[in-house]
Amino acid sequence: MKKVLLGTSALIAAAAVSAPAMAQEQIQLGIGGKMEQYFGVTSMDDNDYTGVPATVESTSTGINTDTEVYFTGATTLDNGLTVGAVIQLEAGVGAAGADEQYAYIEGAFGQIVAGQRNGVNGILAHDAPQFGIAETDVMGFVTWNGVANNHFNPAGYTQNYFRGATSGTFTDTTISSDDASVSYITPTLAGFSAGLTWTPNPGGALQADQNAGSSNQWEAAIAYNGEFSGVGIGADVAYITDDGQNVPGGTDADDQTMWRAGLVLSYAGFQLGGSYMNVDDVNRTASTPTVAFEDEHTAWNVGAGYETGPYGVSVTYSRAILDFDSAAAGVAQIDEDSYEQVMLNGTYDLGPGITAAGSVFWAEGERDFNAVANTAGTADVSRDGTGGIVALQLSF
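According to mature numbering (1 follows the signal peptide of the UniProt record, and there is no 0), the stretch in the sequence shown is residues -23 to -1, 1 to 373, in order.
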(Lines of atoms letter the chains of each structure in order from A and count residues from 1; the text may use other names and numbers.)
(Lines give C-alpha, C1' and ligand atoms only; values in the text may rest on other atoms or scores of the structure.)
Protein backbone atom coordinates (compact mmCIF):
# COMPACT_ATOMS: atom_id res chain seq x y z
CA MET A 1 0.00 0.00 0.00
CA LYS A 2 1.05 3.63 -0.44
CA LYS A 3 -0.43 7.05 0.15
CA VAL A 4 1.71 10.06 -0.79
CA LEU A 5 5.29 8.92 -0.39
CA LEU A 6 6.61 5.49 -1.20
CA GLY A 7 7.51 5.21 2.42
CA THR A 8 8.15 1.56 3.33
CA SER A 9 11.93 1.86 3.27
CA ALA A 10 11.82 5.37 4.70
CA LEU A 11 9.66 4.27 7.62
CA ILE A 12 11.96 1.36 8.37
CA ALA A 13 14.97 3.66 8.43
CA ALA A 14 13.11 6.20 10.56
CA ALA A 15 12.18 3.52 13.08
CA ALA A 16 15.79 2.47 13.32
CA VAL A 17 16.96 6.05 13.85
CA SER A 18 14.23 6.94 16.33
CA ALA A 19 15.32 4.34 18.89
CA PRO A 20 19.12 4.19 18.83
CA ALA A 21 21.08 2.23 21.40
CA MET A 22 23.16 4.03 24.05
CA ALA A 23 26.34 5.73 22.84
CA GLN A 24 29.15 3.41 21.82
CA GLU A 25 27.05 0.30 22.37
CA GLN A 26 26.90 -2.47 19.82
CA ILE A 27 23.88 -2.28 17.51
CA GLN A 28 20.93 -4.30 18.80
CA LEU A 29 18.34 -5.30 16.21
CA GLY A 30 14.62 -4.91 16.82
CA ILE A 31 11.94 -6.74 14.86
CA GLY A 32 8.90 -5.50 12.97
CA GLY A 33 7.12 -6.19 9.73
CA LYS A 34 3.85 -6.35 7.87
CA MET A 35 1.30 -8.91 6.67
CA GLU A 36 -1.19 -8.02 3.95
CA GLN A 37 -3.88 -10.36 2.56
CA TYR A 38 -5.82 -9.44 -0.59
CA PHE A 39 -8.86 -11.08 -2.22
CA GLY A 40 -9.95 -9.90 -5.66
CA VAL A 41 -12.63 -10.56 -8.28
CA THR A 42 -12.38 -9.36 -11.90
CA SER A 43 -14.66 -9.58 -14.92
CA MET A 44 -12.95 -8.90 -18.26
CA ASP A 45 -14.17 -8.45 -21.85
CA ASP A 46 -11.79 -8.34 -24.80
CA ASN A 47 -11.69 -7.77 -28.51
CA ASP A 48 -9.12 -10.45 -29.35
CA TYR A 49 -7.66 -11.19 -32.75
CA THR A 50 -6.92 -14.34 -34.70
CA GLY A 51 -7.27 -12.68 -38.07
CA VAL A 52 -10.91 -11.81 -37.32
CA PRO A 53 -11.87 -9.81 -34.21
CA ALA A 54 -13.90 -11.71 -31.66
CA THR A 55 -15.28 -10.99 -28.22
CA VAL A 56 -14.12 -13.05 -25.24
CA GLU A 57 -15.33 -12.76 -21.65
CA SER A 58 -13.73 -14.08 -18.50
CA THR A 59 -14.29 -13.84 -14.76
CA SER A 60 -11.64 -14.74 -12.22
CA THR A 61 -10.94 -14.62 -8.51
CA GLY A 62 -7.64 -14.66 -6.69
CA ILE A 63 -5.77 -14.15 -3.44
CA ASN A 64 -2.52 -12.26 -3.09
CA THR A 65 -0.31 -11.87 -0.03
CA ASP A 66 2.55 -9.59 0.93
CA THR A 67 4.37 -10.50 4.14
CA GLU A 68 7.71 -9.08 5.23
CA VAL A 69 9.82 -9.13 8.39
CA TYR A 70 12.07 -6.19 9.28
CA PHE A 71 15.15 -6.17 11.48
CA THR A 72 16.32 -2.66 12.34
CA GLY A 73 18.83 -1.20 14.73
CA ALA A 74 21.06 1.81 15.27
CA THR A 75 23.58 3.26 17.67
CA THR A 76 24.91 6.77 18.26
CA LEU A 77 28.67 7.19 18.49
CA ASP A 78 30.50 9.64 20.75
CA ASN A 79 31.14 11.88 17.75
CA GLY A 80 27.38 12.26 17.22
CA LEU A 81 27.10 10.04 14.15
CA THR A 82 24.24 7.55 14.00
CA VAL A 83 25.08 4.20 12.40
CA GLY A 84 22.32 1.74 11.63
CA ALA A 85 21.28 -1.34 9.69
CA VAL A 86 18.05 -2.47 8.03
CA ILE A 87 17.29 -6.03 6.90
CA GLN A 88 13.99 -6.55 5.14
CA LEU A 89 12.97 -10.17 4.44
CA GLU A 90 10.21 -11.54 2.25
CA ALA A 91 8.23 -14.10 4.27
CA GLY A 92 5.82 -15.50 1.70
CA VAL A 93 5.81 -19.20 0.83
CA GLY A 94 8.29 -19.78 -1.96
CA ALA A 95 9.48 -16.18 -1.80
CA ALA A 96 11.61 -16.18 1.33
CA GLY A 97 14.79 -14.16 1.07
CA ALA A 98 16.15 -10.65 1.39
CA ASP A 99 14.12 -7.86 -0.18
CA GLU A 100 16.29 -4.97 0.91
CA GLN A 101 19.31 -4.81 3.19
CA TYR A 102 21.52 -1.83 3.82
CA ALA A 103 23.61 0.11 6.32
CA TYR A 104 23.59 3.86 6.83
CA ILE A 105 25.53 6.63 8.53
CA GLU A 106 23.65 9.78 9.51
CA GLY A 107 24.81 13.10 10.88
CA ALA A 108 24.62 16.85 10.36
CA PHE A 109 26.01 16.31 6.85
CA GLY A 110 23.01 14.18 5.83
CA GLN A 111 22.75 10.44 5.29
CA ILE A 112 24.92 7.93 3.41
CA VAL A 113 23.34 4.57 2.56
CA ALA A 114 25.14 1.50 1.19
CA GLY A 115 23.51 -1.79 0.23
CA GLN A 116 20.43 -3.05 -1.57
CA ARG A 117 17.88 -0.27 -1.27
CA ASN A 118 15.77 1.72 -3.71
CA GLY A 119 17.53 4.80 -5.01
CA VAL A 120 16.62 8.41 -4.38
CA ASN A 121 14.05 8.41 -7.19
CA GLY A 122 11.92 6.11 -5.04
CA ILE A 123 12.92 7.48 -1.64
CA LEU A 124 12.05 11.12 -2.39
CA ALA A 125 9.10 10.48 -4.73
CA HIS A 126 5.59 11.91 -4.39
CA ASP A 127 2.68 10.10 -6.01
CA ALA A 128 -1.08 10.35 -6.46
CA PRO A 129 -3.05 9.47 -3.29
CA GLN A 130 -3.81 5.73 -3.24
CA PHE A 131 -5.19 4.80 0.17
CA GLY A 132 -4.90 1.20 1.27
CA ILE A 133 -4.51 -0.42 -2.15
CA ALA A 134 -1.99 0.80 -4.73
CA GLU A 135 -2.47 0.91 -8.50
CA THR A 136 0.12 -1.86 -8.84
CA ASP A 137 -1.91 -4.03 -6.43
CA VAL A 138 -4.89 -3.69 -8.76
CA MET A 139 -2.84 -4.65 -11.81
CA GLY A 140 -1.90 -7.91 -10.14
CA PHE A 141 -5.56 -8.98 -10.26
CA VAL A 142 -6.30 -7.90 -13.84
CA THR A 143 -6.34 -10.98 -16.12
CA TRP A 144 -4.73 -9.91 -19.38
CA ASN A 145 -3.39 -13.26 -20.55
CA GLY A 146 -6.43 -13.87 -22.75
CA VAL A 147 -5.23 -11.23 -25.20
CA ALA A 148 -2.70 -12.55 -27.71
CA ASN A 149 0.59 -10.60 -27.67
CA ASN A 150 -0.75 -8.26 -25.04
CA HIS A 151 1.40 -5.35 -23.98
CA PHE A 152 2.21 -6.73 -20.54
CA ASN A 153 4.47 -9.39 -22.04
CA PRO A 154 5.09 -8.11 -25.59
CA ALA A 155 7.68 -9.77 -27.80
CA GLY A 156 11.05 -8.10 -27.33
CA TYR A 157 9.95 -6.10 -24.30
CA THR A 158 12.40 -7.77 -21.94
CA GLN A 159 15.09 -5.17 -21.30
CA ASN A 160 15.11 -3.95 -17.71
CA TYR A 161 14.80 -0.18 -17.71
CA PHE A 162 16.10 0.68 -14.25
CA ARG A 163 13.78 -2.02 -12.88
CA GLY A 164 11.99 -5.06 -14.30
CA ALA A 165 9.30 -4.24 -16.85
CA THR A 166 6.32 -6.28 -15.67
CA SER A 167 2.57 -5.85 -15.50
CA GLY A 168 2.91 -4.70 -11.91
CA THR A 169 5.20 -1.79 -12.78
CA PHE A 170 3.80 -0.55 -16.11
CA THR A 171 2.03 2.42 -14.49
CA ASP A 172 4.54 2.95 -11.67
CA THR A 173 6.20 6.37 -11.96
CA THR A 174 8.66 5.73 -9.11
CA ILE A 175 11.02 3.39 -10.96
CA SER A 176 14.12 2.77 -8.88
CA SER A 177 16.30 -0.31 -8.67
CA ASP A 178 17.08 -1.95 -5.32
CA ASP A 179 20.31 -3.47 -6.60
CA ALA A 180 23.51 -2.85 -4.62
CA SER A 181 24.14 0.89 -4.60
CA VAL A 182 25.45 3.87 -2.66
CA SER A 183 23.20 6.87 -1.94
CA TYR A 184 23.69 10.27 -0.38
CA ILE A 185 20.77 12.38 0.87
CA THR A 186 21.32 15.94 2.07
CA PRO A 187 19.94 17.39 5.30
CA THR A 188 16.58 19.14 4.91
CA LEU A 189 17.00 22.90 4.58
CA ALA A 190 13.93 25.13 4.41
CA GLY A 191 11.93 22.09 3.34
CA PHE A 192 14.30 21.14 0.51
CA SER A 193 16.35 17.95 0.29
CA ALA A 194 18.29 16.32 -2.52
CA GLY A 195 19.90 12.97 -3.18
CA LEU A 196 22.19 11.03 -5.49
CA THR A 197 22.40 7.25 -6.04
CA TRP A 198 25.07 5.28 -7.91
CA THR A 199 24.42 1.68 -8.91
CA PRO A 200 27.60 0.36 -10.58
CA ASN A 201 26.00 -2.80 -11.92
CA PRO A 202 22.22 -3.01 -12.25
CA GLY A 203 21.42 -6.70 -11.96
CA GLY A 204 23.39 -7.33 -8.81
CA ALA A 205 26.66 -8.98 -9.88
CA LEU A 206 29.83 -8.16 -7.96
CA GLN A 207 31.59 -6.65 -10.97
CA ALA A 208 30.11 -4.66 -13.85
CA ASP A 209 30.63 -6.13 -17.33
CA GLN A 210 30.10 -3.23 -19.71
CA ASN A 211 29.72 -5.65 -22.62
CA ALA A 212 26.93 -7.66 -20.99
CA GLY A 213 24.36 -5.05 -19.95
CA SER A 214 23.87 -1.56 -18.62
CA SER A 215 26.27 -0.19 -16.01
CA ASN A 216 26.91 2.92 -13.94
CA GLN A 217 23.29 3.82 -13.26
CA TRP A 218 22.89 7.27 -11.70
CA GLU A 219 19.83 8.71 -9.98
CA ALA A 220 19.47 12.34 -8.92
CA ALA A 221 16.43 13.83 -7.19
CA ILE A 222 15.38 16.95 -5.34
CA ALA A 223 12.27 17.24 -3.18
CA TYR A 224 10.37 19.83 -1.18
CA ASN A 225 8.10 19.15 1.79
CA GLY A 226 6.60 22.10 3.59
CA GLU A 227 3.51 24.15 4.37
CA PHE A 228 2.20 27.47 3.14
CA SER A 229 -0.86 29.13 4.70
CA GLY A 230 -2.01 25.80 6.10
CA VAL A 231 -1.61 23.94 2.79
CA GLY A 232 0.90 21.10 2.83
CA ILE A 233 3.10 20.89 -0.26
CA GLY A 234 5.15 17.90 -1.36
CA ALA A 235 6.99 17.97 -4.68
CA ASP A 236 9.92 16.30 -6.39
CA VAL A 237 11.79 16.02 -9.68
CA ALA A 238 14.20 13.20 -10.54
CA TYR A 239 16.43 11.95 -13.34
CA ILE A 240 18.02 8.54 -14.02
CA THR A 241 20.55 7.49 -16.66
CA ASP A 242 22.92 4.60 -17.28
CA ASP A 243 25.69 3.47 -19.65
CA GLY A 244 24.41 1.28 -22.47
CA GLN A 245 26.01 -1.95 -23.64
CA ASN A 246 29.36 -1.66 -25.37
CA VAL A 247 29.77 -3.86 -28.44
CA PRO A 248 33.40 -4.60 -29.40
CA GLY A 249 33.79 -3.82 -33.08
CA GLY A 250 30.13 -2.79 -33.33
CA THR A 251 27.72 -0.03 -32.43
CA ASP A 252 27.27 0.79 -28.77
CA ALA A 253 23.75 0.86 -27.37
CA ASP A 254 22.23 4.18 -26.45
CA ASP A 255 22.08 5.17 -22.80
CA GLN A 256 18.67 4.84 -21.20
CA THR A 257 17.29 7.98 -19.58
CA MET A 258 14.31 8.70 -17.37
CA TRP A 259 12.85 11.76 -15.71
CA ARG A 260 9.88 12.14 -13.40
CA ALA A 261 8.05 14.71 -11.32
CA GLY A 262 5.45 14.54 -8.58
CA LEU A 263 3.27 16.97 -6.64
CA VAL A 264 0.90 16.46 -3.69
CA LEU A 265 -1.14 19.16 -1.91
CA SER A 266 -2.88 18.56 1.42
CA TYR A 267 -5.30 20.56 3.53
CA ALA A 268 -7.61 19.66 6.45
CA GLY A 269 -7.52 15.95 5.67
CA PHE A 270 -7.81 16.38 1.89
CA GLN A 271 -5.06 15.39 -0.56
CA LEU A 272 -4.71 16.13 -4.27
CA GLY A 273 -1.74 15.07 -6.36
CA GLY A 274 -0.16 13.18 -9.18
CA SER A 275 3.07 12.25 -10.91
CA TYR A 276 4.56 11.84 -14.39
CA MET A 277 7.39 9.69 -15.78
CA ASN A 278 9.09 9.41 -19.18
CA VAL A 279 11.65 6.73 -20.15
CA ASP A 280 13.60 6.75 -23.45
CA ASP A 281 15.24 3.74 -25.14
CA VAL A 282 13.27 1.20 -23.12
CA ASN A 283 14.12 -1.73 -25.38
CA ARG A 284 17.61 -0.93 -26.56
CA THR A 285 20.13 -3.78 -26.38
CA ALA A 286 23.46 -4.56 -28.00
CA SER A 287 21.66 -6.26 -30.91
CA THR A 288 19.25 -3.33 -31.35
CA PRO A 289 21.41 -0.46 -30.10
CA THR A 290 19.86 2.69 -31.50
CA VAL A 291 16.93 3.32 -33.86
CA ALA A 292 15.82 -0.28 -34.38
CA PHE A 293 13.70 -0.08 -31.23
CA GLU A 294 13.54 3.52 -30.05
CA ASP A 295 10.84 2.77 -27.51
CA GLU A 296 9.42 5.44 -25.25
CA HIS A 297 7.50 4.66 -22.06
CA THR A 298 5.37 7.33 -20.41
CA ALA A 299 3.20 6.93 -17.33
CA TRP A 300 1.21 9.35 -15.20
CA ASN A 301 -1.42 9.38 -12.50
CA VAL A 302 -3.64 11.84 -10.69
CA GLY A 303 -5.78 11.36 -7.61
CA ALA A 304 -7.57 12.85 -4.64
CA GLY A 305 -8.19 11.56 -1.14
CA TYR A 306 -9.73 12.45 2.20
CA GLU A 307 -9.03 11.09 5.68
CA THR A 308 -10.97 11.72 8.86
CA GLY A 309 -10.49 9.75 12.06
CA PRO A 310 -10.12 6.05 11.19
CA TYR A 311 -11.68 6.47 7.72
CA GLY A 312 -10.05 7.20 4.38
CA VAL A 313 -11.24 7.34 0.78
CA SER A 314 -9.36 8.06 -2.46
CA VAL A 315 -9.93 7.99 -6.21
CA THR A 316 -7.01 7.58 -8.64
CA TYR A 317 -6.62 7.56 -12.42
CA SER A 318 -3.50 6.00 -13.99
CA ARG A 319 -2.35 5.72 -17.60
CA ALA A 320 0.75 4.30 -19.30
CA ILE A 321 1.84 4.24 -22.96
CA LEU A 322 4.66 2.34 -24.69
CA ASP A 323 5.50 3.70 -28.16
CA PHE A 324 7.42 1.54 -30.66
CA ASP A 325 9.51 3.09 -33.43
CA SER A 326 11.12 0.82 -36.04
CA ALA A 327 13.81 1.93 -38.46
CA ALA A 328 12.62 -0.49 -41.15
CA ALA A 329 10.08 1.06 -43.53
CA GLY A 330 7.13 -1.00 -44.67
CA VAL A 331 7.44 -3.58 -41.88
CA ALA A 332 4.33 -4.74 -40.03
CA GLN A 333 4.81 -4.06 -36.34
CA ILE A 334 3.27 -2.89 -33.09
CA ASP A 335 2.69 0.85 -33.03
CA GLU A 336 1.58 1.51 -29.45
CA ASP A 337 0.60 -0.29 -26.26
CA SER A 338 -1.45 1.50 -23.63
CA TYR A 339 -3.13 0.83 -20.31
CA GLU A 340 -5.40 2.90 -18.09
CA GLN A 341 -7.32 2.31 -14.90
CA VAL A 342 -9.56 4.10 -12.42
CA MET A 343 -9.87 2.91 -8.83
CA LEU A 344 -11.98 4.03 -5.87
CA ASN A 345 -10.47 2.99 -2.54
CA GLY A 346 -11.61 3.03 1.06
CA THR A 347 -9.80 2.26 4.32
CA TYR A 348 -10.79 1.82 7.95
CA ASP A 349 -8.34 1.56 10.85
CA LEU A 350 -9.63 -1.23 13.07
CA GLY A 351 -6.94 -0.64 15.68
CA PRO A 352 -3.24 0.15 16.03
CA GLY A 353 -1.49 -1.43 13.06
CA ILE A 354 -4.68 -3.07 11.72
CA THR A 355 -6.38 -1.70 8.59
CA ALA A 356 -9.25 -2.97 6.45
CA ALA A 357 -9.13 -1.76 2.84
CA GLY A 358 -11.21 -2.13 -0.29
CA SER A 359 -11.14 -1.02 -3.92
CA VAL A 360 -13.43 -1.11 -6.95
CA PHE A 361 -11.81 -0.46 -10.31
CA TRP A 362 -12.12 -0.27 -14.08
CA ALA A 363 -9.18 -1.02 -16.37
CA GLU A 364 -8.47 -1.20 -20.11
CA GLY A 365 -5.45 -2.30 -22.14
CA GLU A 366 -4.98 -1.71 -25.88
CA ARG A 367 -2.49 -2.69 -28.57
CA ASP A 368 -2.43 -0.75 -31.84
CA PHE A 369 -0.60 -1.88 -34.97
CA ASN A 370 0.79 0.30 -37.73
CA ALA A 371 -0.91 0.74 -41.10
CA VAL A 372 1.21 -1.99 -42.72
CA ALA A 373 0.09 -4.55 -40.16
CA ASN A 374 -3.55 -3.54 -40.44
CA THR A 375 -3.36 -3.78 -44.23
CA ALA A 376 -2.11 -7.34 -43.80
CA GLY A 377 -5.23 -8.20 -41.83
CA THR A 378 -3.91 -7.82 -38.28
CA ALA A 379 -6.52 -6.08 -36.15
CA ASP A 380 -5.90 -3.87 -33.16
CA VAL A 381 -6.72 -5.54 -29.86
CA SER A 382 -8.17 -4.25 -26.61
CA ARG A 383 -9.46 -5.56 -23.32
CA ASP A 384 -11.37 -3.89 -20.51
CA GLY A 385 -13.12 -4.91 -17.34
CA THR A 386 -14.11 -4.17 -13.78
CA GLY A 387 -13.29 -5.69 -10.44
CA GLY A 388 -13.03 -5.34 -6.71
CA ILE A 389 -10.47 -6.06 -3.98
CA VAL A 390 -10.78 -6.35 -0.21
CA ALA A 391 -7.73 -6.50 2.05
CA LEU A 392 -6.62 -6.89 5.65
CA GLN A 393 -3.32 -5.15 6.39
CA LEU A 394 -1.31 -5.67 9.57
CA SER A 395 1.85 -3.87 10.66
CA PHE A 396 3.92 -4.79 13.68
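For each residue, glycine too, the CB sits at the ideal point set by N, CA and C.
Residue from Ile89, Val70, Gly280 and Glu45 with nearest C-alpha to Val60: Numbered from 1 along the sequence shown, position 83 holds the residue referred to as residue 60. Looking at the Cα atoms, Ile89 is the closest of the given residues.
Where residue 403 sits in the DSSP three-state scheme: Nothing in the structure corresponds to residue 403, since the chain is present only between -23 and 373.
Euclidean distance between Cα positions of His274 and Asp312: Here residue 274 is taken as the residue at index 297 of the sequence shown, counted from 1. Here residue 312 is taken as the residue at index 335 of the sequence shown, counted from 1. For His274 and Asp312, the gap between their C-alpha atoms comes out near 13 Å.
Exposure label - Leu58; buried when at least 16 CB within 10 Å: Residue mapping note: residue 58 aligns to position 81 of the sequence shown, counting from 1. Leu58 should be labelled exposed.
Anticipated Cβ contact below 8 Å, Gly172 with Leu240, distance rounded: Within the sequence shown, the letter at position 195 stands for residue 172. Within the sequence shown, the letter at position 263 stands for residue 240. Incorrect: roughly 18 Å between the Cβ atoms, too far for contact.
Distance between beta carbons of Ser291 and Gly282, contact taken as under 8 Å: The count along the sequence shown starts at 1 and reaches residue 282 at position 305. The count along the sequence shown starts at 1 and reaches residue 291 at position 314. That belief holds up - the Cβ atoms of Gly282 and Ser291 are roughly 3 Å apart, short of 8 Å.
Cβ neighbours of Lys11 in the same chain (closer than 6 Å, five flanking residues each side left out): Counting from 1 along the sequence shown, the entry for residue 11 is found at position 34. Within the same chain, Lys11 has close Cβ partners Glu45 and Ser372.
Segment contact, 8 Å Cβ cut-off, at least three pairs: the stretch 74 to 93 with the stretch 160 to 177: yes
Burial state of Ala50 (16 or more Cβ within 10 Å): Position 73 of the sequence shown holds residue 50. The sequence given here has Gly at residue 50, not Ala. Per the 10 Å Cβ criterion, buried.
Inter-residue Cα distance where the pair is Asp155 and Gly74: By 1-based counting over the sequence shown, the position of residue 155 is 178. By 1-based counting over the sequence shown, the position of residue 74 is 97. So the two alpha carbons sit approximately 14 Å from each other.
For Glu204, the first and last residue of its enclosing beta strand (DSSP E): Here residue 204 is taken as the residue at index 227 of the sequence shown, counted from 1. Unbroken beta strand (DSSP E) run through Glu204: Ser192 to Phe205.
Close-in-space but distant-in-sequence residues of the same chain around Asp300 (CB under 6 Å, 5 per side omitted): Along the sequence shown, one-based indexing puts residue 300 at 323. Counting only Cβ-Cβ distances below 6 Å, and skipping sequence neighbours, we find Glu273 and Glu313.
Identity of the residues DSSP links to Ala171 by a beta bridge: In the sequence shown, residue 171 corresponds to position 194, counting from 1. Per DSSP, Ile199.
Spatial neighbours of Asp361 in its chain, beta-carbon cut-off 8 Å, leaving aside the 5 residues before and after: One-based indexing of the sequence shown puts residue 361 at position 384. Once the five neighbours on either side are set aside, the close Cβ partners of Asp361 are Met21, Asp22, Asp23, Trp339, Ala340, Glu341 and Gly342.
Val208, buried or exposed, once every other Cβ within 10 Å from all chains shown has been counted against 16: Taking the first residue of the sequence shown as position 1, residue 208 is located at position 231. Exposed, by the Cβ-count rule.
Beta-carbon gap between Val63 and Glu77 smaller than 8 Å: Stepping through the sequence shown from its first residue, residue 63 is reached at position 86. Stepping through the sequence shown from its first residue, residue 77 is reached at position 100. Taking 8 Å as the Cβ cut-off, Val63 and Glu77 qualify as a contacting pair.
Pick from Ile331, Gly17, Ala245 and Arg344 that is closest to Gln370, judged by C-alpha positions: Position 393 of the sequence shown, counted from the start, is the residue given in the question as residue 370. Per the Cα distances, Ile331.
Assigned secondary structure, Glu112 (DSSP; H/G/I helix, E/B strand, else coil): The residue given as residue 112 occupies position 135 in the sequence shown. Glu112: helix per DSSP, three-state reduction.
Rounded straight-line distance, which links the Cα of Phe16 to that of Thr42: Locating residue 42 in the sequence shown gives position 65, where the first residue counts as 1. Locating residue 16 in the sequence shown gives position 39, where the first residue counts as 1. Approximately 9 Å between the Cα atoms of the pair.
For Phe129, the three-state DSSP class (helix, strand or coil): As a working note, residue 129 is residue 152 in the sequence shown. Low confidence applies to Phe129: its pLDDT is 37, below 50, so where it sits in the model is not reliable, and the reading given next is rough at best. Note: Phe129 maps to coil in three-state DSSP.
Beta carbon of Asn255 nearer than 8 Å to that of Gly109: Translated into the one-based positions of the sequence shown, residue 255 becomes position 278. Translated into the one-based positions of the sequence shown, residue 109 becomes position 132. In this structure, Gly109 does not lie closer than 8 Å to Asn255 by Cβ.
Option nearest residue 374 by Cα separation, candidates Pro177, Gly84, Phe205 and Thr234: Because the chain spans -23 through 373 in this model, residue 374 falls outside it and cannot be assessed.
C-beta atoms of Ala333 and Leu327 nearer than 8 Å: To locate residue 333, count along the sequence shown from 1; it is residue 356. To locate residue 327, count along the sequence shown from 1; it is residue 350. Closer than 8 Å, so yes.
C-alpha gap between Ser359 and Ser252, whole angstroms: Numbered from its first residue, the sequence shown carries residue 359 at position 382. Numbered from its first residue, the sequence shown carries residue 252 at position 275. CA-CA distance, Ser359 to Ser252, rounds to 25 Å.
Start and end residues, beta strand (DSSP E) containing Ile82: The residue given as residue 82 occupies position 105 in the sequence shown. The continuous beta strand (DSSP E) containing Ile82 extends over residues Gly74 to Gly84.
Beta-bridge pairing of Phe301 - partner residues as DSSP gives them: Counting from one through the sequence shown, the residue named residue 301 turns up at place 324. Answer is none; Phe301 lacks a bridge partner.
Residue from Phe205, Phe247 and Asn56 whose Cα sits closest to the Cα of Val168: Along the sequence shown, read from residue 1 onward, the residue named residue 168 stands at position 191. First, the amino acid is wrong: residue 168 is Gly here, not Val. With distances taken between Cα atoms, Gly168 lies closest to Phe205.
Simplified DSSP state of Leu321, which is helix, strand or coil: If you number the sequence shown from 1, residue 321 lands on position 344. The answer is strand: DSSP assigns Leu321 an E or B state.
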